[in-house]
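**Q**
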Amino acid sequence: MTKTNSGNFFEDFRLGQVISHATPRTVTAGDVALYTALYGSRFAVNSSAEFAKAIGLAAENMGHIAPVDDLLAFHVVFGKTVPDISLNAVANLGYAMGRFGEMVYPGDTITTTSTVIGLKENSNKQTGVVYVRSVGTNQLHEMVVDYVRWVMVRKRDQNAATSEEKVPELPGAVAAADLVIPDNLRLGDYDTTLAGSPHLWDDYAVGEKIDHVDGMTIEEAEHMMATRLWQNTAKVHFNQYTEGQGRFGRRLIYGGHIISIARALSFNGLGNAFKLVAINGGRHTNPTFAGDTIHAWTEVLEKIEVPGRKDVGALRLRLVATKNQPCAGFPLKAENGKDFDPAVVLDFDYTVLMPRKK
Amino acid sequence: MTKTNSGNFFEDFRLGQVISHATPRTVTAGDVALYTALYGSRFAVNSSAEFAKAIGLAAENMGHIAPVDDLLAFHVVFGKTVPDISLNAVANLGYAMGRFGEMVYPGDTITTTSTVIGLKENSNKQTGVVYVRSVGTNQLHEMVVDYVRWVMVRKRDQNAATSEEKVPELPGAVAAADLVIPDNLRLGDYDTTLAGSPHLWDDYAVGEKIDHVDGMTIEEAEHMMATRLWQNTAKVHFNQYTEGQGRFGRRLIYGGHIISIARALSFNGLGNAFKLVAINGGRHTNPTFAGDTIHAWTEVLEKIEVPGRKDVGALRLRLVATKNQPCAGFPLKAENGKDFDPAVVLDFDYTVLMPRKK
Amino acid sequence: MTKTNSGNFFEDFRLGQVISHATPRTVTAGDVALYTALYGSRFAVNSSAEFAKAIGLAAENMGHIAPVDDLLAFHVVFGKTVPDISLNAVANLGYAMGRFGEMVYPGDTITTTSTVIGLKENSNKQTGVVYVRSVGTNQLHEMVVDYVRWVMVRKRDQNAATSEEKVPELPGAVAAADLVIPDNLRLGDYDTTLAGSPHLWDDYAVGEKIDHVDGMTIEEAEHMMATRLWQNTAKVHFNQYTEGQGRFGRRLIYGGHIISIARALSFNGLGNAFKLVAINGGRHTNPTFAGDTIHAWTEVLEKIEVPGRKDVGALRLRLVATKNQPCAGFPLKAENGKDFDPAVVLDFDYTVLMPRKK
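Residue numbers (my numbering), protein chains in the order written: chain C, 5 to 362; chain P, 5 to 362; chain X, 5 to 362.
#1: Please report the distance separating the alpha-carbon of C:Tyr194 from that of C:Lys362.
#2: Just to confirm the assignment, what range does the beta strand (DSSP E) spanning X:Met156 have?
#3: Can a CB atom of chain P be found closer than 8 Å to the CB of X:Tyr109?
#4: Tell me whether the beta-carbon of P:Ile308 lies closer than 8 Å to the beta-carbon of P:Ile265.
#5: Count the other C-beta atoms from every protein chain shown that fall within 10 angstroms of the C-beta of X:Pro202, then say buried if there are 16 or more, exposed otherwise.
#6: Only counting the same chain, and skipping five residues up and downstream in sequence, which positions put a Cβ closer than 7 Å to that of X:Gly273?
#7: DSSP three-state label for C:His25, please.
#8: Distance cutoff 8 Å, beta carbons only. Does P:Phe55 sit that close to anything in chain X?
#9: Hey, which unbroken runs of the beta strand (DSSP E) at 3 residues or more fall wholly within the stretch 261–290 of chain X?
#10: Name the two residues that bound the continuous beta strand (DSSP E) containing C:Arg137.
#11: Since C:Asn9 meets chain X, which of its residues come closer than 7 Å, beta carbon to beta carbon?
#12: Going by the beta-carbon positions, is the gap between C:Ala347 and C:Gln329 smaller than 8 Å?
#13: By the criterion of Cβ-Cβ separation under 8 Å, what are the contact partners of P:Ser24 in chain C?
#14: Going by DSSP in three states, C:Ser68 sits in which element: helix, strand or coil?
#15: Take X:Asp16 as the anchor and find which of X:Val49, X:Leu191, X:Arg158 and X:Asp343 has the nearest alpha-carbon.
#16: Between P:Gly250 and chain C, is any beta-carbon pair separated by less than 8 Å?
#17: Going by the beta-carbon positions, is the gap between P:Pro110 and P:Thr40 smaller than 8 Å?
#18: Using the rule of at least 16 other Cβ atoms within 10 Å of the residue's Cβ for burial, across every protein chain shown, is P:Gln87 buried or exposed?
#19: Under 7 Å Cβ-Cβ, which residues of chain C neighbour X:Val217?
#20: Kindly indicate the opening and closing residues of the beta strand (DSSP E) around P:Arg320.
#21: What first and last residue would you give for the beta strand (DSSP E) that runs through P:Gly122?
#22: Please look up how many angstroms separate the CB atoms of X:Leu19 and X:Lys129, rounded, as I've assumed it's under 8 Å.
#23: Are the C-beta of C:Ser52 and some C-beta of chain P separated by less than 8 Å?
#24: Classify C:Leu144: buried if its beta carbon has 16 or more other beta carbons within 10 angstroms, exposed otherwise.
#25: Rounded C-beta distance between P:Asp345 and P:Pro359? I'm assuming under 8 Å.
#26: Among the candidates C:Thr115, C:Ala325 and C:Asn163, whose CA atom is the shortest distance from the CA of C:Val349?
#27: Give the DSSP-derived three-state secondary structure of P:Gly34 in the structure shown.
#28: Determine, using beta carbons only, whether X:Phe252 and X:Arg46 come nearer to each other than 8 Å.
#29: Can you pull out the residues from the stretch 89–120 of chain X whose beta carbon lies closer than 7 Å to at least one beta carbon of chain P?
#30: Nearest to C:Ile59 by CA position, among C:Leu321, C:Ala180 and C:Phe278, is which residue?
#31: Around the Cβ of C:Pro28, are there at least 16 other Cβ atoms within 10 angstroms (buried) or fewer (exposed)?
#32: Does the distance from the CB of C:Thr116 to the CB of C:His25 come in under 8 Å?
#33: C:His216 lies in the alpha helix (DSSP H); which residues open and close that run?
#34: Pick from C:Ala199, C:Thr141, C:Thr166 and C:Pro175: whose alpha carbon is nearest that of C:Asn50?
#35: Can the beta-carbon of P:Thr355 be found closer than 8 Å to that of P:Leu183?
#36: Cβ atoms of P:Met107 and P:Pro186: under 8 Å apart, would you say?
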């Protein structure tokens, strides 16, 4: 019997199946430094323990410490699911129902469990779509990240029968009532100068588009270091020997790497979007490779009042990232109006918190 | 109104203007590890909490911890100034009056403020020189780094009137009386074997030149990770799409990256130069790019007695770095005797502390 | 007198000589994060403080913390020896008698001392072999790593007399009685699901071979960051200006980098091999360069009962790594049956601990 993990194939999954993922992960200040080095993120709440303290979000543990970037927690959780869910994936098709719960601090240990909530074989009998809900919890069993993704997974045996099928109904967005607002958050002392932007929730309008202007070129060493840091084992990111003979001739970049680059670029225009609370949806619309330069733009989709709070509001945003194409023209669709522009690599629908005017 | 930061242009600055920079930064053990990984620095006081403790420089915080490299603190402070001072800079022209104050430890949060101390429009009316004094302070409002730099900044509008002009008088070197010597420093137990060099302050002579022998080649991923770690947002370092069409066809390397490489190389010959206390001056004399190999050499400019101390002295040093040229011949000037040798990329005048013989 | 370290040449070593190496090193959470980012290691005991606690291996220090990867400690110790032992080395010939003692935790400071235990001049009079036993100790003077390596070192002067010669007798493997089993280790709550593999000590058979399947391509920035992180100063890894004119035309990768990659790859098949206890032997059989893709396979050499323990056993393993060659065929020797296959870059004999069935 082979002792190596060849991953699950489509016919191995069962509706309702619960999978406990291996390799729990203690997040540290080292991960935070690498996150900054890889993405250059500048959101003050994650950069400064003093700033985090001033708005009620610092943990008290031998002095105070800042929470880690929400996407760092997302990547850790995502990475854990790969060996069980997507080792034999052809494509990562989408995200939905993503919520961020308890904030993660250096010292927290994250453990991840997934439930199979949907299965649908493709008509070619060679692949099928697996829908999983993955939940990361901290050492106190509190939810830190909870999201659904669906992936196209190969079948081991074309003739294998498929277990019970079901395509889950997934909402277009996380409901306002389901957003987790940190209990201790207090924005009375929020300092927009230190945060780096004067623009508050009140200043944004639905339909407004923001070109984030800056561009970031990706190197092989960077995306591989990031992807290994999250202990994501998808082979396509690491093995040039195999990928050199494959479809693209190159290593593919982990889609989450693009999300983090685009989010970091979005600081320039959204500097007060200090916390992610939801991932409503998302698609990696084209592959990216080392050498590509990422630009990004945002459209404000919705302004959401936070029940019972006058100091903070939520913004639902569409974050679009491109490769090798600046975003002054807000590129999205191809000329046929239906497909994505071939330069567009990410279409990401998420919700952030932002201070309101006093 | 656009919500992205397009940076200040020359005509936006006013003499005496005080700018509070965004994104305060808590330094962590993660930053220290990355500093070691990026530069390979071997100064024992920053490498070992036990060594730091033995000479009185460890912080006591759940056990003792070593201070971070002085240049790490410098880079953090420098990085903060970029979005406000040099986003539209053509060139970083020079440094002066740099002093290192309280040592920085993991857990400290650095906040940076700059004052415009000089303005001088260039005769072409397209650019001007901005002189700023930038001060980084820790969470106790103690000065950690205080320095002047001047940069050539583009004008937005060639016809814009210039505000009051002034070229500040900048001393050639920080005065001995202004050097900050750590209160707790005690060198009685300084171990030259663990420090890695037998050569003490008494062994160096003014005019002595030291070829640091070793060379270090720079990769794109390295200088970008470093520059992002300092949250330095200068576009020329990151965007190959734009830079590929620009003057050099390549991403430029942040000048501070070269300073840190040269300082790390200088360990081989200056192993006991355990702490920077001043940056007297400095110029980035030629641009560097990924693939360049950096070598360095040092000239001893001055031996400075530290008032009231027999255990420690200061050395004023000229640190010269080259690209793709070993330094056995101490390259500096071009054949015309006036310009810099095209291989010379850094001419850096700084002051260090070094133990004296007992 | 030059103040730079030109390293020791063969004739500088004396039998019995004890060398205290410079640059003691405090290990931190930053080093751990970089180790994960560079190698993608997934062994749960190093990844999760909670997992480490459950098996008795967490340190208690403001909450509990996980031990660092054993190879991280090895690299730190190895790096320290380079400036004194192998700066003028032609080749790193082998390892023997390696033992891991007290586990290393973030906050520990490692100091390294070597003893010259063998010297043998080569017949060409231009080089000789130096055998050293290097011991790394923590701040409590407890041994953390203790191993022998031998290197071929250049002579400065072909005519220099050699000091007393001796070739030490080195055992083929560390004796079972000499393995250090952590006192607090208790495997009653060992969770194979979280560990990521169902295969326990009882499931492995002597002679069994495991292809670890995955491959990892190496970038220049990665191996240089790793090697600098260990403060390993061997010039061949860093200086493309010089190496470009040398034998290979390229920078050589530090052999230890390959060991860590191969060990990380071996998780897929050996997920419960949670701790190294011995390095019995090892050879870097061919050089590796940036761009090479590493694969690995393992042969079980020996199953070792741990005296007095029914919950844990030891496995002696042969870990073979290749470049640009998958390992389904378990490549080892060349067609002549004597030399190594030119694709084989590492032949490493080590011993791990693994839980036994209840």
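Glycine included, each C-beta is placed from N, C-alpha and C at the ideal position.
**A** The short version:
#1: By 1-based counting over the first sequence, the position of residue 194 of chain C is 190. By 1-based counting over the first sequence, the position of residue 362 of chain C is 358. So the alpha carbons of these two residues sit roughly 11 Å apart.
#2: Taking the third sequence and counting its residues from 1, one reaches residue 156 of chain X at position 152. First-last of the beta strand (DSSP E) with X:Met156: Met147 to Arg158.
#3: Against the third sequence, residue 109 of chain X aligns to sequence position 105. False, the Cβ-Cβ gap to chain P never drops below 8 Å.
#4: Residue numbering aside, residue 308 of chain P sits at position 304 when the second sequence is read from its first letter. Residue numbering aside, residue 265 of chain P sits at position 261 when the second sequence is read from its first letter. No, they are not a contact pair.
#5: Translated into the one-based positions of the third sequence, residue 202 of chain X becomes position 198. Exposed, because fewer than 16 other Cβ atoms sit within 10 Å of the Cβ of X:Pro202.
#6: Numbered from its first residue, the third sequence carries residue 273 of chain X at position 269. Here the set comprises Ile214, His216 and Thr302.
#7: Along the first sequence, read from residue 1 onward, the residue named residue 25 of chain C stands at position 21. Of the three classes helix, strand and coil, the one that applies to C:His25 here is coil, per DSSP.
#8: Walking along the second sequence from the start, residue 55 of chain P turns up at place 51. Yes, P:Phe55 counts as interfacial toward chain X.
#9: 279–288
#10: Taking the first residue of the first sequence as position 1, residue 137 of chain C is located at position 133. Per DSSP, C:Arg137 belongs to the beta strand (DSSP E) from Thr131 to Thr141.
#11: Numbered from its first residue, the first sequence carries residue 9 of chain C at position 5. Going along chain X in sequence order, the residues near C:Asn9 (Cβ under 7 Å) are Asn272.
#12: Counting from one through the first sequence, the residue named residue 347 of chain C turns up at place 343. Counting from one through the first sequence, the residue named residue 329 of chain C turns up at place 325. Yes. Within cutoff.
#13: Counting from 1 along the second sequence, the entry for residue 24 of chain P is found at position 20. Here the neighbours are Thr197 and Leu198.
#14: The count along the first sequence starts at 1 and reaches residue 68 of chain C at position 64. According to the sequence shown, residue 68 of chain C is His rather than Ser. If DSSP states are grouped into helix, strand and coil, C:His68 belongs with the strands.
#15: Along the third sequence, read from residue 1 onward, the residue named residue 16 of chain X stands at position 12. Comparing Cα-Cα distances from X:Asp16 to each of X:Val49, X:Leu191, X:Arg158 and X:Asp343, the minimum goes to X:Arg158.
#16: Here residue 250 of chain P corresponds to residue number 246 of the second sequence, with the count starting at 1. Closer than 8 Å: no.
#17: Residue numbering aside, residue 110 of chain P sits at position 106 when the second sequence is read from its first letter. Residue numbering aside, residue 40 of chain P sits at position 36 when the second sequence is read from its first letter. Their beta carbons are not under 8 Å apart, which means P:Pro110 does not touch P:Thr40 by this criterion.
#18: Looking up residue 87 of chain P in the second sequence gives position 83. Note that residue 87 of chain P corresponds to Pro in the displayed sequence, not to Gln. Answer is buried; the Cβ neighbour count reaches 16.
#19: Within the third sequence, the letter at position 213 stands for residue 217 of chain X. Neighbours of X:Val217 on chain C, chain order: Thr8.
#20: Position 316 of the second sequence, counting from 1, holds the residue named residue 320 of chain P. Val316 to Lys327 is the extent of the beta strand (DSSP E) around P:Arg320.
#21: Along the second sequence, read from residue 1 onward, the residue named residue 122 of chain P stands at position 118. Where P:Gly122 is concerned, the enclosing beta strand (DSSP E) stretches over Thr113 to Glu125.
#22: For the purposes of this step, residue 19 of chain X is taken as residue 15 along the third sequence, with counting starting at 1. For the purposes of this step, residue 129 of chain X is taken as residue 125 along the third sequence, with counting starting at 1. Contact doesn't hold; Cβ gap of about 19 Å is too wide.
#23: Counting from one through the first sequence, the residue named residue 52 of chain C turns up at place 48. With 8 Å as the cut-off, C:Ser52 counts as an interface residue toward chain P.
#24: Indexing the first sequence from 1 puts residue 144 of chain C at position 140. C:Leu144 comes out exposed.
#25: If you number the second sequence from 1, residue 345 of chain P lands on position 341. If you number the second sequence from 1, residue 359 of chain P lands on position 355. Their Cβ separation, rounded to whole angstroms, is 34 Å, which puts P:Asp345 and P:Pro359 out of contact at 8 Å.
#26: Residue mapping note: residue 349 of chain C aligns to position 345 of the first sequence, counting from 1. That would be C:Ala325, whose Cα lies nearest to the Cα of C:Val349.
#27: Indexing the second sequence from 1 puts residue 34 of chain P at position 30. In this structure, P:Gly34 counts as helix in the three-state DSSP scheme.
#28: What you label residue 252 of chain X is simply residue 248 of the third sequence in a count that begins at 1. What you label residue 46 of chain X is simply residue 42 of the third sequence in a count that begins at 1. No, Cβ-Cβ distance for X:Phe252 and X:Arg46 is not below 8 Å.
#29: Gly111 and Thr113
#30: To locate residue 59 of chain C, count along the first sequence from 1; it is residue 55. Selected option, being the one with the closest Cα: C:Phe278.
#31: One-based indexing of the first sequence puts residue 28 of chain C at position 24. Label assigned to C:Pro28: buried.
#32: As a position in the first sequence, residue 116 of chain C is number 112, starting the count at 1. As a position in the first sequence, residue 25 of chain C is number 21, starting the count at 1. Yes, the Cβ-Cβ distance between C:Thr116 and C:His25 is below 8 Å.
#33: One-based indexing of the first sequence puts residue 216 of chain C at position 212. Careful: C:His216 lies outside any alpha helix (DSSP H) and carries neither H nor E.
#34: For the purposes of this step, residue 50 of chain C is identified with residue 46 of the first sequence, where counting begins at 1. The shortest C-alpha separation from C:Asn50 is found at C:Ala199.
#35: Locating residue 355 of chain P in the second sequence gives position 351, where the first residue counts as 1. Locating residue 183 of chain P in the second sequence gives position 179, where the first residue counts as 1. Yes.
#36: In the second sequence, counting from the first residue as 1, residue 186 of chain P sits at position 182. In the second sequence, counting from the first residue as 1, residue 107 of chain P sits at position 103. Closer than 8 Å, so yes.
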